[in-house]
Every structure is written in structure tokens, then in C-alpha cells.
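Asks: Here the protein sequences come in this chain order: P, Y and S. Reminder that position 167 of the first sequence reads as 167 in UniProt numbering, one-by-one numbering, no gaps. Reminder that position 12 of the second sequence reads as 12 in UniProt numbering, one-by-one numbering, no gaps. Reminder that position 294 of the third sequence reads as 294 in UniProt numbering, one-by-one numbering, no gaps.
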Amino acid sequence: MTPSLRVKLLGGGLLAVGAVITLFPYYWLAVMATNTTSDIFTTPPKLTFGSHLFDNLAEVFASIDFFGSLLNTVIVAVATTVLVLFFDSLAAFTFAKYRFPGRNVLFGILLATFVVPTQLAAIPQFSIMATLGWVGDLKALIIPAAANAFGIFWMRQYCASALPDELLEAARMDGCGFFRTYWNVALPVLRPALAFLGIFTFISAWNDYLWPLIIMVDSRNLTLQVALSQLNGVYGTDYSLVMAGTLLAILPLLVVFLIGSRHFIKNIAAGAVKG
Amino acid sequence: MTALTRRRFLAAGALAFALAGCASPRTASPGKLTLWYWTRGLSPAVLDEAAVRFAGAGFDPANVSHDLRHKLLATMSGGAYLPDMTMLNDDIAGYFGDADQFVDLNTMGAQRLRGDYLPWKWEAGTTPDGRLLGFPVDTGPAALFYRHDLFAQAGMPSEPDDVARAVATWEDYFAFGEELQRALPGRYLITDAKTVFTYSMAQEPRKYMDRQGRFIGDEEPVRRAWERALSAVRKGLTAGYFDNGSTTGSVDRHAAWTNGTELSLVNASWITGEIKESAPTTAGAWRLCRSPGGPGNQGGSFIAITRYCPQPQAAFEIVSWLLSPTNQARHYADVGIFPSAPAAFTDVTARQPDPFFGGQITADVFGESAKGVQPAYFSPWDIDISNCFTDELVNVESAGKDPQQAWRDARSAIDRLLQRSGVL
Amino acid sequence: MTDLLPRKAPSAPAVAQVPQRRRFRHLPQYLAISPFYILFLVFGAYPVFYSLYLALHRWDGIGPMQWIGLDNFALLVTDAEFWNAIGNTFIIWVMSTVPMTVLALLIALGLNSSIRFKGLYRIAYFMPNVTSVVAMAIVFSSVFSTEFGILNSFLSAIGLDPVGWLTDPWGIKVAISVMIIWRWVGYNAIIFLAGLQAIPADIYEAARIDGAGPVQTFFRVTLPLLRPVMLFSVVMSAINGMQVFTEAQVLVGDRGGVQDAGTTMVLYFYNMAFLENDFGYGAAIAWGIFVVVVIFAIINWRLIQRPERAEVSR
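1) Just list the residues that DSSP pairs Y:V266 with in beta bridges.
2) Can you pull the chain Y neighbours of S:S113, defined as C-beta to C-beta under 7 Å?
3) Taking the straight line between their C-alpha atoms, what separation do you get for Y:T238 and Y:V319?
4) Please check the pair residue 323 of chain P and P:T223, which I expect to be a contact at CB under 8 Å, by giving their CB distance rounded to whole angstroms.
5) If you pair each beta-carbon of the segment 55-75 of chain S with each one of the segment 76-86 of chain Y, do three or more pairs fall below 8 Å?
6) Would you call the segment 138-149 of chain P in contact with the segment 80-95 of chain P, where contact means no fewer than 3 C-beta pairs closer than 8 Å?
7) Report the option in Y:P355, Y:T326 and Y:F357 whose CA atom is closest to the CA atom of Y:F345.
8) Pair every Cβ in the segment 63-83 of chain P with every Cβ in the segment 171-189 of chain P, then say whether three or more of these pairs are closer than 8 Å.
9) So P:I268 and S:R122 are supposed to be a Cβ contact under 8 Å. How far apart are they, rounded?
10) Expressed to the nearest angstrom, what Euclidean distance is found between the alpha-carbon atoms of Y:T258 and S:R227?
11) Just verifying my parser: in three-state terms, what is the DSSP assignment at P:M32?
12) In this structure, how does DSSP classify S:N84 when only helix, strand and coil are distinguished?
13) Using a Cβ-Cβ cut-off of less than 7 Å, list which residues of the segment 79-98 of chain Y approach chain P; keep chain order.
14) Out of S:E276, S:V102 and S:I91, which has the shortest C-alpha to C-alpha gap to S:W182?
15) Between the segment 251-269 of chain P and chain S, which residues of the former have a C-beta closer than 9 Å to a C-beta of the latter?
16) Quick one: which chain S residues come within Cβ less than 9 Å of P:W211?
17) Alpha carbons only, please: which of Y:G336, Y:L82 and Y:D382 is nearest the one belonging to Y:D354?
18) Taking Cβ positions only, does P:V31 come closer than 9 Å to chain Y?
19) Determine, for S:V139, whether the minimum Cβ-Cβ distance to residues of chain P falls below 9 Å.
20) Enumerated in chain order, which unbroken segments of the alpha helix (DSSP H) with a length of 4 residues or greater are wholly contained in the segment 37-68 of chain Y?
21) In chain A, which residues lie less than 7 Å from S:A283 when you measure between Cβ atoms?
22) Against chain Y, with Cβ distances strictly below 9 Å, would P:A130 count as a contact?
23) Does the distance from the C-beta atom of residue 429 of chain Y to that of Y:G300 stay below 9 Å?
24) By the three-class DSSP mapping on this structure, what secondary structure does Y:A304 have?
25) Looking at the unbroken beta strand (DSSP E) that takes in S:M127, where does it start and where does it end?
26) Let me see if you follow: with CB-CB separation under 9 Å, is P:G275 close to chain Y or not?
27) Could you give the distance in angstroms between the alpha-carbon of Y:A142 and the alpha-carbon of Y:M209?
28) Return the chain-ordered ranges of every alpha helix (DSSP H) run that is complete within the segment 141-188 of chain S and spans a minimum of 4 residues.
29) Does any CB atom of chain P fall closer than 9 Å to the CB of S:Y50?
30) Could you tell me how far apart the beta carbons of P:L247 and P:A112 are, in whole angstroms, since I believe they sit closer than 8 Å?
31) Decide if the segment 149-169 of chain Y is in contact with the segment 227-242 of chain Y; the criterion is three or more beta carbon pairs, one per stretch, under 8 Å apart.
32) Span of the beta strand (DSSP E) holding Y:L322?
33) Could you tell me which of P:F49, P:F100 and P:V116 sits nearest to S:P47, measuring between CA atoms?
34) Work out the CA separation of Y:Y95 and S:V163 for me, nearest whole Å.
35) Using the Cα positions of S:Y187 and Y:D391, report the straight-line distance between them to the nearest angstrom.
36) Please classify Y:W120: does DSSP put it in a helix, a strand, or coil?
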């Protein structure tokens, strides 16, 4: 055996061990979700799947409005993603390709908003939502997130490198106005960046916890993450039920991720290396 | 310029969407009378019956559980999605400052029912200026819960009367525990230092503040409870389970109940439901007896009506029906919350033998404790102050912190708390 | 009408336009960028300034506000719990970032070699990053449980004493850090991998010709060239590290566990503002966090800037 082969085997082995450790919590979750609470509490713990998954799931559906929360989360994630993609790409395109008075100052302000911690605004935001009458309303989750500095900053970098000026010049010659140039010329070119920003926004909106926890006060109108935390609090004595709910809550997003993973992972890397 | 109009249209649309929010309802479900409660806070069967009985008024109970306080404060400051009725816990005094957010139940005719309830409980729901903010739900008489089978296995007294006699004082209880643990290594007499402190305080008529708003936590009752908790730790009698304050935070404890690591606990009656639900396999192995150190009360809840409730009188009808002495007996039988109406103590429903406790009539044990409770004054800061002490006891127990330092830190945390609240 | 960058013929389009339109000729651009600024003004800037006003009051969010001047800030700077929260946040940040960076680098090196199932590994390592923190914190709390936790069972199985992970001040920090590492190691490995793949092969070739061994090549060639990517990863982890909340809240609860070992800055803020409903003090804490983050950002920026300048001058 050559040294390089040995290194390769060792490396491969370590990677496999690492992957097993990384995936173990998912397995453990599935084990707990398919067993009864007393099985979970035995020592040493039961490490194999049980046969109680459907009992546990039935109890979850009886205990919380799972599909209602799922629907809310889908609404929030989709609406946020569509708005972010539109507003961010439009602003990014403008910043990257147009010159107008105050552009640099405005962009500087945009960058400065990065350092403002979100919790600084959380208390007054709650009062604002109260004034607008949005407390407990999905709008309170969607509207403030509809455009963000990160997306604009990231897309601007992408626009600058991916959109040749000649293309825009040609569009102008053809008589395209500003918005038409954006819609017909820039957007198609930006599609890979949009896909990445879209998945990224969708995942963050889906998993958002602190703000929904504060603002979604109506216990029968929750997002999935808050419903999960409530399930945890209300039915804490039935551990296998909590675990079945947890499993259900992570599955939809895992499926979305597995479908889009190749593209997403590639772009995560590209974003970091270029940015 | 078609593009311009299209863009303008889009921008205008987005703005309109953003700004023209229709006001959300003041109460959680308009046209209905919502009640927020928590798991095992009220009997599901009684709530179901109420939902049918008061269907005309739109009675609509919603389980909000451990988030209730946070959600209630949030809705009150947001002025939206408020429940019409809500359960309040033993921190009710903390709401007295915002009493105008609630209906004074005396104006609904609560006075005529006053005689049916324990006077000290009624007092606890009344603000200093005499508004009745919370209608009495349950009380928290303390008792000793213990594993009859394991006590017997260790060759120790195991029948309720014998155990009660053997653990008359906390000192007796600890001595008993040391012997017990020698016979049953790897198991613990009691949950944690916090329990000892909390239930010692539950037996004291003087708590943390006096009616003049002076801090009295430096005095004998608190010091006694503190020393007692430390002594339990020093003797190695406490398991020190991790408890993060929420129901799931107690999973270690649930596991310990299931596998018999926790031999006994001093607790109020309201924990009965949690034990039954989380350790169903131990049914029949538990017994109850008088708590070491005598009667005490820990916890107990109320129901209040918020000021946004459009039909306070109808809501009051529901509340007084839900909490009538007869129904209190049913709450007790179903979820273990002990009545605040003495007539319910002797109600046949409440006095059903409980197979989970080997056929004991549990209401008699708790009833004895409830009758011995002395009235006490609770300030709005009592829960927070108590948390300052128990947080430090956890530090001593789990992290080996120096007890002297822990006491000093607890005191300075309390000073800061009172300073922030504008009391000092 | 509109200007493209770079301007090819600066004056030409302007001449063609009627003067009246000139005033509005940038209107489309302003409109295009306006949504972010409008939203920021309403939900960002205004609340930030309002929170400063709030910090000067005692307010439970319900009753009337009471002006107390700088009392909240005076309390804050002497608040041992707040300083403890700052310390915890930084300790957890270090305890998670250092092992995470090393592990991510190892994984990236592994993925950069010619092994099988690369695509699968990438997905496996990346999965935690897209999984809900709340959900997995619930799972991790059962992994770390003293009484029935899988980790303690494993320790007992190999003959070690069980550890009270969530009842020990350091155990708590370890548990939170492990969750953060678990969540972010794959993400950073992917980024490092991209950095590794961006290194041209001829540089390695040149190193090989110069007689450098694999270890030497790694430290002399690979690591320095990975520097920008690693800095990106450290900055990202710093931004996230200052915001740690969910892991701590779900694992050890709102009160932060034994000796407040799990109280991070944001958790302390959440406690005071939304659980104790002390909105004034909460706002003061938020400003305290802001100051800490800014100082930290400046230090970070200095550390990044200095060696780069040295490189340029070389």
C-alpha cells in the first residue's frame, strides 16, 4: 500500500465517521419518534426504530393544528421569498448599473444597516405592529423582511460581474425603459443568483424563531417553529409525541433542500469566494 | 412609457399592501368568548361541557400553556388578540399594577359567591384597593409524594401514617432519607435544593415583602428555608435534576419518575397530573402523606376577565360556573388541581379513591394541608425574588458554589430587581 | 434618459431630453431602491431611535411610561448578569468557532481529494445548516440529558462517568457550542472547499518541484491562499455568534441554567424585555449589545486589515 493510498483511505474513513456523527441526531430523532415515551426513558436507551410512529403522529395531529401552522409557514416563506427576490434584485441591479445622485451615500447606509442588531429594534417593532394592528398577523412576519441589505449587497456583486454593460446599452438602443431592461434583460441573466438567494431566503424565513415567538400571540395561528415550541411546552410529558412533531416539522424543508441541494451548495461556495 | 406605469403600479401596490393593514381584532376571536388556560390547569371534561353549555355565548377555550404569561403581556401591550378570559398563576400580584386591564369582578356580582371560597385565596386575587382581579381556581396544598414500593423494599416505614410520623419535621425527613439512600444506592430522596427551599417557604406565613413594601427576605423564614435547602444538599439527598423551567425542561425528572430514581417529593397537589402522565408505568406505586414541616401552600391559579371582553357579564357567568364548588371537585378528580372552595374538599367526586396512589383518598391528605394554611401577603415581586434565591441554590447544588457567596449574590440580584422596578 | 455605467458618452443622452423631464430622470432608480429604505425607516431606523427613547424610561409596555433618565444605563454597566452574558457569548463563540474551523478545514481537504460519494458527503454535512434550530435543539436536549441522554449512555458503555451536561456551567457551554459546531461545520467546509478548488494546480506543481512535502505544502501554500475564505468564515461566525439565542433558550431555558452559564446577550435581552416585560431596561440592554458588537466589529476589521496591508507593502 502506498502512503498516498493509506492517507486516502484514512481520509475517506474519517469523512464517513464525521458524516455518521453529523447525521446521527436525525436518526436519533426518528428512533424517538417511532417509540413510546417509556421506551425512550429506559436505560440503556433503545436505539432501534419502534412501531409507534403512526400513533405518535395521530396524537400530534390531534394536539396541534399542524397543517394550519404548516400553511402559515409556507405562506410566510413563499411571500417573503418572492418579495425579497423582486425588491433585492431590482435594487441591486440599480446600484450596480446606474449612476444617480446620492448613490454611494445610499449604498453606504445600506451597508451600515448590517451592524444594527435586530434586537435593538425588536421592542419598538412590537409597538409599531401594535399600532398597525399586525400583532399576531402573518403580515408582521412578511413585510419587515420583504427587502434586506444582505440580498442587495450580494446581488449587486453578482450584477456587476455577470451583467455586461454592452447588453444594457443594446437594450437602451432598442428603446427599453429602465424597468423593461431590468425585467427582460437583467432578470434572465441573474437567474442563478436568484435561485440561490431564493432558497437562502426561503430557508431563513422557514426557520425564523425569535420574532415569530414574540409577535405570533394567537396560540391558534402560529408558524411551524412556534407551534413546535408550544407542542414542546404543552405536551412535554409525552416525549415521543414531541419528537414525532419535531420530525414532521423538519421534513418539508429537508425535502426542499434535497431537491435543490446541488445548486444551493454550489452557490453558497461561490458567494463566499467571490464576495 | 409602459414600463414606468407598470413599475409605478407595482410600487404603489406594494406600498398599499404594506400600509393599509386592516386592524387586527381586539380579542382573540371576535364574536366568541375565549378562555386561555394551560395544560392540566382545568379539567378537559369540564371545559368540554362548558363549551356545549355556553355555546350560545360562544365559549371557546384555548390551551396556551407555559407561554401564557408572555403571550398575555404581549397582547396587552399590543392591544390585539386578547383573550376574553384568562388563567393567571400565583404571580397574580404582578398584574395588580395594571389592574385597569381587567374587569373588577366585584362589579359583576362576585361578592355574593365570596363565602364559598377560602378567605385567604379570595384575598390573594384582590388588589390592595379592593378590586377582585382573579376568581379563585385552585390552591396548592403541599404533601409528601413517595414511592411506597421502594420505601418497603428498603425496609423503611411505607404506609402513609407511618411515613408521616417518621418524617414529621424536615430534620426527621432528611435523617429518614439518609437511611433510605443507604439501602437504595443510586436513588435520591428528593428532587433538588430548590424544592426544599420553595416548600419550606410555602409553610411560612411571612414571605419576602411586608404590606408596606419593605423587603423582609433577610429575616428568619427565608434564612431557615435557605439553610434547610443547603443541609439537604450537604447530606447528598438531592438529585439536582436539570430543570429549565418549562415542561420539557423536566424530562430528566420524568425519566427519574419512570425508572424510580426519585424516591419522594414534597409538592403541591397540581403536580399529580404531570406524574400520572409522564410515568404511567408507576401507577399504584405512589402514596401521599402529610408534608414534613406541616401544611403549606405553593401556587394556585385564578381566572380573570380582560377589559376588552365585550360581554363581561356573560363571561362571568361562565367563570363562576367553571369554578363552582361542584366543578372544582371535578377539576381535582381529572387533573389533580386542588379546590379553593371548601365544599369541594368533601365532595364525593373529589374523594374518589385514586388507584395511582394505591387507592388512597388523596383529597383528604391535601384537604388537611389546605385547612392548615395560614394567610400570607404576596407582593408583586415575590416570584422574582424567590427565583433569585433558588437560582443561587441551583448554583450551590450543581456547580459547588460557595453558599456564603451564593447568598450575597442572591441578595444583590434582588436589590437590582427592586431597583429596576422602582421599589428601592 | 438613464445612465449606464460606465458612461460612454456622458452628455449625449442628456441633450436629447426636454428640461422638464430632467428633474425626474432618476426617479425610476430611486423608486427601484426605495423599498429597502422605506422598510428600513419604518422597521429599522425608527425603532432604533425609539428604543433609545425607551431606554430612558421605566415601562412595562402596558401602563404609562415613567421617565428615569439614565438610570437604566447606570444599572446596565454595573449589571453583573449582563457582563456575564457578554462573557458567555464570547466564550461560546470561541469554543464553537475554533473547533469548527479546524473540522471544516479537515472535511474540505477530504472532499477535495479523490474519494467516492463526494456529492453525498456534501449533502450530509450541509444538512444541519438548513434544519430548524428549534427542532434540533429539542433533539440535542435529549442527547445531553443526564438521566436518559444518549451521550451519557455512551460514556457509561465505554466505562466513563456520566456528565451532567446541562447542570454543569461548562457542560452547558460545551452543549451549546456542540450544537453550533454541528450546525455550521458543513457550511464552512463547503466554503473552504470552494477556496481549495480555486487554488490553481500549477502552484502545487511548483511547490512539488521545489521539493516541498505535503505538510509543508499545506502550511506554506494552501493555508495562506485560503486566508480570504477563512476570514469570511470567521466574520460570518462572529456575526452569528453574537446573536446566539435559540440553542441556549431551548437547551437550558429562559433563565440560562446553572450559574447563568447559558445566558447569552440576546437571551438576557429577551428575558428582560419580553418575559419580565421591562421594556425600558430591555432597550438599554439592546444598546449595550449594539456597543459590544460595534467594538467587536472594529477589532475584527483591524485584525483583517493589518496583515493585508503588510502583504500589499511587501
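All C-beta atoms, glycine included, are put in the ideal place defined by N, C-alpha and C. Treat the numbers as computed from the prediction; the structure is a model and nothing was measured.
Replies: So, from the listed chains and residues:
1) Indexing the second sequence from 1 puts residue 266 of chain Y at position 266. Under DSSP, Y:V266 shares a beta bridge with Y:L144.
2) Your numbering for residue 113 of chain S matches position 113 in the third sequence. One finds nothing in chain Y with a Cβ atom closer than 7 Å to the Cβ of S:S113; even the nearest lies about 42 Å away.
3) Working through the second sequence from its first residue, we reach residue 238 of chain Y at position 238. Working through the second sequence from its first residue, we reach residue 319 of chain Y at position 319. Their backbone Cα atoms lie some 40 Å apart in a straight line.
4) Because residue 323 of chain P is not part of the residues shown, which for chain P are 1 to 275, the question remains open.
5) Taking 8 Å as the limit for Cβ pairs, the verdict is that the segment 76-86 of chain Y does touch the segment 55-75 of chain S.
6) Short answer: they touch.
7) Counting from 1 along the second sequence, the entry for residue 345 of chain Y is found at position 345. The shortest C-alpha separation from Y:F345 is found at Y:T326.
8) Under the 8 Å Cβ criterion, the segment 63-83 of chain P does not count as touching the segment 171-189 of chain P, having fewer than three qualifying pairs.
9) If you number the first sequence from 1, residue 268 of chain P lands on position 268. If you number the third sequence from 1, residue 122 of chain S lands on position 122. Rounded, the Cβ-Cβ distance is 10 Å, inconsistent with contact.
10) The residue labelled residue 258 of chain Y in the question sits at position 258 within the second sequence. The residue labelled residue 227 of chain S in the question sits at position 227 within the third sequence. Going by the C-alpha atoms only, they are around 53 Å apart.
11) As a first step, residue 32 of chain P must be located in the first sequence, where it is residue number 32. P:M32: helix per DSSP, three-state reduction.
12) The sequence position of residue 84 of chain S within the third sequence is 84, counting from 1. S:N84: helix per DSSP, three-state reduction.
13) Result list: G79, A80 and Y81.
14) Reading the third sequence from its first residue, position 182 is the one you call residue 182 of chain S. Measuring from the Cα of S:W182, the nearest candidate turns out to be S:V102.
15) For the segment 251-269 of chain P, which is checked against every Cβ of chain S, the residues closer than 9 Å are L253, L254, V256, F257, L258, S261, R262, F264, I265, K266, I268 and A269.
16) Position 211 of the first sequence, counted from the first residue, corresponds to residue 211 of chain P. The premise fails here: P:W211 is roughly 11 Å from chain S at the closest Cβ pair, so nothing lies under 9 Å.
17) Against the second sequence, residue 354 of chain Y aligns to sequence position 354. Of the candidates Y:G336, Y:L82 and Y:D382, the residue whose Cα lies closest to the Cα of Y:D354 is Y:G336.
18) For the purposes of this step, residue 31 of chain P is identified with residue 31 of the first sequence, where counting begins at 1. No, its Cβ sits nowhere closer than 9 Å to a Cβ of chain Y.
19) Counted from its first residue, the third sequence places residue 139 of chain S at position 139. Yes, S:V139 counts as interfacial toward chain P.
20) Those alpha helix (DSSP H) runs which fall completely within the segment 37-68 of chain Y and span 4+ residues are 44-53.
21) Looking for chain A here will not work: the only protein chains present are P, Y and S.
22) In the first sequence, the residue the question calls residue 130 of chain P occupies position 130. At a cut-off of 9 Å between C-beta atoms, P:A130 counts as an interface residue with respect to chain Y.
23) Outside the shown range of chain Y (1 to 424) lies residue 429 of chain Y, about which nothing can therefore be said.
24) Here residue 304 of chain Y is taken as the residue at index 304 of the second sequence, counted from 1. Looking at Y:A304 - three-state DSSP - the assignment turns out to be strand.
25) Within the third sequence, the letter at position 127 stands for residue 127 of chain S. In the DSSP assignment, S:M127 falls outside any beta strand (DSSP E) and within the unbroken alpha helix (DSSP H) covering K118 to V130.
26) Position 275 of the first sequence, counting from 1, holds the residue named residue 275 of chain P. Per-residue confidence for P:G275 stands at a pLDDT of 44, beneath the threshold of 50, marking its modelled position as unreliable; the derived number appears in the next sentence. P:G275 does not count as touching chain Y.
27) Indexing the second sequence from 1 puts residue 142 of chain Y at position 142. Indexing the second sequence from 1 puts residue 209 of chain Y at position 209. Approximately 22 Å, taken between the alpha carbons.
28) Here the runs fully enclosed are 150-157.
29) Counting from one through the third sequence, the residue named residue 50 of chain S turns up at place 50. Answer yes: the Cβ-Cβ gap between S:Y50 and chain P drops below 9 Å somewhere.
30) Your numbering for residue 247 of chain P matches position 247 in the first sequence. Your numbering for residue 112 of chain P matches position 112 in the first sequence. Not confirmed; about 42 Å, so no contact.
31) The segment 149-169 of chain Y and the segment 227-242 of chain Y do not touch, with fewer than 3 CB-CB distances between them shorter than 8 Å.
32) Within the second sequence, numbered from 1, the residue matching residue 322 of chain Y stands at position 322. Residue range P312 to L322 is occupied by the alpha helix (DSSP H) that includes Y:L322, with no beta strand (DSSP E) assigned at that position.
33) The residue labelled residue 47 of chain S in the question sits at position 47 within the third sequence. For the set P:F49, P:F100 and P:V116, the Cα lying nearest the Cα of S:P47 is the one of P:V116.
34) The count along the third sequence starts at 1 and reaches residue 163 of chain S at position 163. The count along the second sequence starts at 1 and reaches residue 95 of chain Y at position 95. Distance between the alpha carbons of S:V163 and Y:Y95 is about 41 Å.
35) Translated into the one-based positions of the third sequence, residue 187 of chain S becomes position 187. Translated into the one-based positions of the second sequence, residue 391 of chain Y becomes position 391. In this structure, the alpha-carbon of S:Y187 lies about 37 Å from that of Y:D391.
36) Taking the first residue of the second sequence as 1, we reach residue 120 of chain Y at position 120. Three-state result, Y:W120: helix.
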